[in-house]
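*Asks:* All residue numbers for the sequence shown refer to UniProt numbering, where the first residue is 1 and numbers rise by one. Every residue, glycine too, gets a C-beta built ideally from N, C-alpha and C.
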Amino acid sequence: MITFGTQNLRPGTDIVDAGLDKEILFGLGFTPDEASINATPAAFLWTNLGSEAPDIFREVAMEPVKPSDDHRYAFAVTLPLMTPGTYTATAFVRHGSEEEIWVGKDVNWRISVPAVDSLYVRQIPIDKANARQDSGKISTMDDMLDGPESAYTLDKMQQAGVNCLWIQTPYRIDPWDGRPNDTAGSDYASTDWFSIDPELSREASRIPGWDTDRQHEIANQKMKEFVTAAHARGMKVVFGIAPNHVGHNYIFRDFFQDEDVVKRGCYKKIVIDEFQPAEVEKRKKQYAGTELALYAEYIFPWMFATKNASGEYDPNGANDVNETYSPDWAGNWDDTKHLNHGAHAGQGHRNATTEQNWKVLAYIGNAMLWVVVKLGVDGFRIDHSYGMPVEFFTQTIPWVEKKARALRPGFEGLILFHEEHDHERKRFAANVGDVIQAKWYEAILQGFSHRDVEAIWSAYGNPYFAEFSGTGNHDECRGITFFTEFSRAGNHDECKNKNFVQANLREFGNAVVTMLFLGGPMTTLAGDEYGESRKLRFKMTGGIPTLWQARTGQLAPENLELDAWVSKAGRLRRERPELGCSERERLIPRSDDPVPIVAFEKRASENLCPLMVFSNIDHGNSQSGRFGLGARARAWIGLMVATRPDTQLQVKDLFSSTPDQPLWSHPILARDLLRDGIQVDLTAYQVQVLEMARV
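Below, the structure is given as structure tokens:
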């Protein structure tokens with residue numbers, strides 16, 4: 001019998017807790033069978049941690065230790081975690097006549113870059129951010145770079161405290177299905193992973209459509225300028241991508257690192273045998289002089305998925321354009337073609353099994369590497385990650401990360417958001433990504449809208465919580481829709497009619513501000529800061545109503561007040577990094593009666609008392625309560641009282657209109673605070689961020 005695992009787990013879970021510059025401990029237990037009971041076993045870890053490439057594994061001897069369970073033998077090894085990335089380990093026992101017994105399971109874990117813990121993400125559909133609402137127009141990167149003061153710009157994002165932009169998939173698209181609700185085309189039906197959509201650049205959009213290479217050059221240069229400008233303002237840039245599929249009429253390009261060039265129509269890195277190059281040339285001649293010669297499904301169909309005679313996914317890939325198909329589960333994907341990467345979530349295929357699968361994964365990785373190295377992008381939000389094979393996360397992405405570190409000076413590692421809604425697969429996603437983008441945020445918003453303090457803490461305190469807090473994303477109901485009487489009645493399963501139901505903007509603002517101060521990765525969608533209620537029509541032209549109304553001076557004062565409140569909180573979170581980090585301690589009320597106040601202490605800066613946050617979620621009513629201090633505050637005050645028993649303290653509310661003024665009418669003895677706790681009195685919707693100092 002053999003068992004294997006790591007002690008670096010979140011309590012009660014199988015989510016590995018592995019931080020940069022920390023260590024990871026692996027253990028193995030082994031009980032031999034009777035035939036080899038006299039053999040002395042040795043145990044070894046088999047891992048790619050510290051190797052030159054993710055597919056290179058090395059043997060690390062494990063040290064014998066005293067068994068802590070019923071095993072006859074036990075072994076352990078501790079390794080330092082020095083570099084961000086995704087890693088894998090398994091183990092085996094060697095005993096007797098050099099027989100090897102493998103444990104039969106892998107442990108995957110991710111070391112995140114430090115910035116992940118305090119990300120405040122704004123999802124930006126560039127084509128809608130500055131477009132007139134309900135029009136046939138789209139907006140551009142230029143609008144966000146040099147637009148007027150009223151425009152939705154990078155400067156506005158910086159002023160709102162945003163430190164990461166999630167760019168809705170910005171690659172070239174060519175609308176396919178022509179349905180009434182598809183006037184713009186789906187961002188996820190990308191037709192060229194090496195070309196930014198020319199419609200997102202003023203200059204590129206003026207170039208004739210037949211000159212795709214010139215469009216490619218100009219639009220890519222503008223995106224590089226956009227990313228550089230975001231970096232100059234202290235913001236990371238993450239691209240939303242859908243590696244499971246591409247759009248119809250996909251223009252094939254590939255990145256050749258040795259030549260530092262992107263080539264169109266060159267398939268030599270994705271072929272697996274001598275037959276394919278010859279067939280490629282044959283098909284190019286067949287379609288010469290037509291647009292079809294540009295499109296991969298006609299020239300290289302093997303990179304696309306196909307089905308066998310019984311309708312099952314065939315990992316060998318298509319042989320002809322007529323054998324390719326659109327993804328056929330969980331919705332209508334008629335405008336895309338399924339890639340032959342080895343996985344089909346609907347049919348339970350989870351792994352790359354053929355050489356062509358691996359070549360397709362390498363191609364996907366090469367496209368990702370290109371945007372990181374050549375455009376300066378910092379990471380990816382992986383749409384539909386459930387549809388991708390395990391190896392995409394354990395081999396392809398780590399390869400991108402290692403290559404990018406070698407090719408881009410100063411690059412630490414990728415920022416990875418995995419969209420994952422399957423309960424079991426979430427555990428895997430949590431170990432191979434930085435943040436999961438799913439729907440746990442809805443439980444948090446429900447807690448706020450129902451004034452339920454315990455529900456809020458139940459989400460944040462759950463050891464399996466590895467997701468964004470926030471207000472949703474491009475294809476979900478807007479966060480504001482949780483704050484209507486319709487929603488509070490328990491009818492939030494559908495978005496219909498929500499645009500016509502008045503929501504409470506101050507309740508929503510209280511929730512957003514409190515989530516910002518609770519810390520950890522958080523995401524909002526453009527317009528949420530104004531209380532936008534309309535679900536994003538991401539496949540249609542035209543802008544977001546509240547953004548256009550704000551730009552043209554038509555937005556109600558209440559919506560502008562919400563933006564001012566949320567932006568102020570974002571700036572304070574940026575100025576005081578302890579507010580952004582996920583470390584927090586709940587403060588407990590001294591009264592036995594429930595108090596509708598979310599109260600917590602944040603991580604302390606050196607030699608300072610930790611910030612304390614109090615949020616009144618009993619919307620419309622004033623609330624007061626007395627709360628015990630957290631461990632850090634007690635330790636800080638205790639040291640002072642031990643040497644100066646008569647020490648007095650005063651507080652300031654950093655989130656008030658007078659953050660430099662003392663809040664209390666007179667100082668309070670530190671020893672009284674230790675004994676009695678801290679009293680707070682909050683008006684309706686109020687959030688306080690208290691900083692305590694010695695008088």
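Do you know whose CA, among PHE304, LYS282, ILE241, lies nearest ILE270's CA?
*Replies:* Ranking the options by Cα distance to ILE270, first place goes to PHE304.
*Asks:* For ILE167, which residues does DSSP report across the bridge?
*Replies:* Looking at the DSSP assignment, ILE167 forms a beta bridge with ILE124, PHE239.
*Asks:* Please list the terminal residues of the continuous beta strand (DSSP E) segment that includes PHE75.
*Replies:* Element bounds for PHE75: 73 to 80.
*Asks:* For ASN491, which residues of its own chain have a beta-carbon under 8 Å away from its beta-carbon, when the five flanking residues on both sides are left out?
*Replies:* Residue confidence for ASN491 is low, a pLDDT of 47 falling below 50, so the modelled location carries little weight; the figure read from the coordinates is stated next. Nothing listed; no residue qualifies.
*Asks:* Mind checking which residues open and close the beta strand (DSSP E) that includes TYR87?
*Replies:* Taken as a continuous stretch (DSSP letters only), the beta strand (DSSP E) holding TYR87 covers 85 to 95.
*Asks:* Which same chain residues, not among the five before or five after LEU200, have their C-beta less than 7 Å away from its C-beta?
*Replies:* For LEU200, where only same-chain residues beyond five positions count, the Cβ hits under 7 Å are ILE126, ASP127, THR140, MET141, PRO170, ALA219.
*Asks:* Tell me whether TYR298 sits in a helix, a strand or coil according to DSSP, three-state version.
*Replies:* TYR298 falls in the helix class under three-state DSSP.
*Asks:* Which partner residues of LEU629 appear in the DSSP bridge assignment?
*Replies:* None, per the DSSP bridge assignment.
*Asks:* In terms of residue numbering, what span does the beta strand (DSSP E) encompassing ARG202 cover?
*Replies:* Not the beta strand (DSSP E): ARG202 falls in the alpha helix (DSSP H), residues 202 to 205.
*Asks:* For SER118, I'd like the list of residues in its chain whose CB is within less than 6 Å of its CB, leaving aside the five on either flank, ordered along the chain.
*Replies:* Same-chain partners within the cutoff: GLY580, CYS581.
*Asks:* Where does SER190 sit, in a helix, a strand or coil, going by DSSP?
*Replies:* Three-state DSSP puts SER190 in a strand.
*Asks:* Does the Cβ of ASP475 have 16 or more other Cβ atoms within 10 Å, making it buried, or fewer, making it exposed?
*Replies:* With fewer than 16 Cβ atoms within 10 Å of its Cβ, ASP475 is classed as exposed.
*Asks:* Could you check what DSSP says for GLN549 in three-state terms: helix, strand or coil?
*Replies:* It is helical.
*Asks:* If you compare alpha carbons, which of ILE415, ARG253, ARG58 is closest to GLY265?
*Replies:* Out of ILE415, ARG253, ARG58, ARG253 has the C-alpha closest to the C-alpha of GLY265.
*Asks:* What is the C-beta distance between residue 765 and MET144, in whole angstroms, given that I count them as a contact (C-beta under 8 Å)?
*Replies:* Outside the displayed span of the chain (1 to 695) sits residue 765, for which this structure offers no information.
*Asks:* Taking Cβ to Cβ, would you say SER615 is nearer than 8 Å to THR481?
*Replies:* Contact flag unset, no.
*Asks:* With PHE226 as the anchor, note down where its alpha helix (DSSP H) starts and where it stops.
*Replies:* Note, PHE226: alpha helix (DSSP H), 212 to 232.
*Asks:* Taking THR191 as the reference, give the member of ALA204, THR212, ASP182 with the closest Cα.
*Replies:* THR191 has its Cα closest to that of THR212, out of ALA204, THR212, ASP182.
*Asks:* Is TYR188 near ILE251, with beta carbons less than 8 Å apart?
*Replies:* The answer is no: Cβ separation not under 8 Å.
*Asks:* Should GLY630 be labelled buried (16 or more other beta-carbon atoms within 10 Å of its own) or exposed?
*Replies:* Result: buried.
*Asks:* I need the straight-line Cα distance from HIS349 to LEU49, nearest angstrom please.
*Replies:* Going by the C-alpha atoms only, they are around 27 Å apart.
*Asks:* In angstroms with no decimal places, state the Cα-to-Cα distance between GLY519 and ASN249.
*Replies:* Cα to Cα, the separation comes out at about 43 Å.
*Asks:* With a Cβ-Cβ cutoff of 8 Å, do TRP440 and ALA455 count as a contact?
*Replies:* Contact flag unset, no.
*Asks:* State the Cα-Cα distance for the pair VAL60 and ARG94, rounded to the nearest angstrom.
*Replies:* About 13 Å.
*Asks:* Can you grab the Cα-Cα spacing for the pair THR647 / GLY638, in whole Å?
*Replies:* For THR647 and GLY638, the distance between alpha carbons rounds to 10 Å.
*Asks:* In angstroms, rounded to a whole number, what distance separates the CA positions of LEU516 and ALA293?
*Replies:* Approximately 50 Å, taken between the alpha carbons.
*Asks:* When the Cα atoms are used, what is the spatial distance from ALA43 to LYS105?
*Replies:* Distance between the alpha carbons of ALA43 and LYS105: 15 Å.
*Asks:* If you draw a straight line from the alpha carbon of ALA91 to that of PHE75, how long is it in whole angstroms?
*Replies:* Rounded to whole angstroms, ALA91 to PHE75 spans 11 Å at the Cα level.
*Asks:* Give me, in chain order, the residues of the same chain whose beta-carbon lies closer than 6 Å to that of SER624; leave out the 5 immediate sequence neighbours on both sides.
*Replies:* Around SER624: ASP681.
*Asks:* What is the DSSP secondary structure of HIS423, reduced to helix, strand or coil?
*Replies:* Note: HIS423 maps to helix in three-state DSSP.
*Asks:* Would DSSP call TYR363 helix, strand or coil?
*Replies:* Helix, per DSSP.
*Asks:* Using alpha carbons as the reference points, say which of PHE256, VAL512, ASP328 lies closest to ASN568.
*Replies:* Here residue 568 is Lys; the residue named in the question, Asn, does not match the sequence. Ranking PHE256, VAL512, ASP328 by Cα distance to LYS568 puts VAL512 first.
*Asks:* Could you tell me whether the stretch 12 to 22 touches the stretch 55 to 74, where touching means 3 or more Cβ pairs closer than 8 Å?
*Replies:* No, the stretch 12 to 22 is not in contact with the stretch 55 to 74.
*Asks:* Whole angstroms is fine: what's the gap from PRO277's alpha carbon to TYR267's?
*Replies:* Approximately 8 Å, taken between the alpha carbons.
*Asks:* Between LYS337 and THR354, how many whole angstroms is the CB-CB distance? I'm expecting something under 8 Å.
*Replies:* About 18 Å separates the two Cβ atoms, so there is no contact after all.
*Asks:* Taking the alpha-carbon positions, what's the ASN319 to PRO301 distance?
*Replies:* The straight-line gap from Cα to Cα measures roughly 6 Å.
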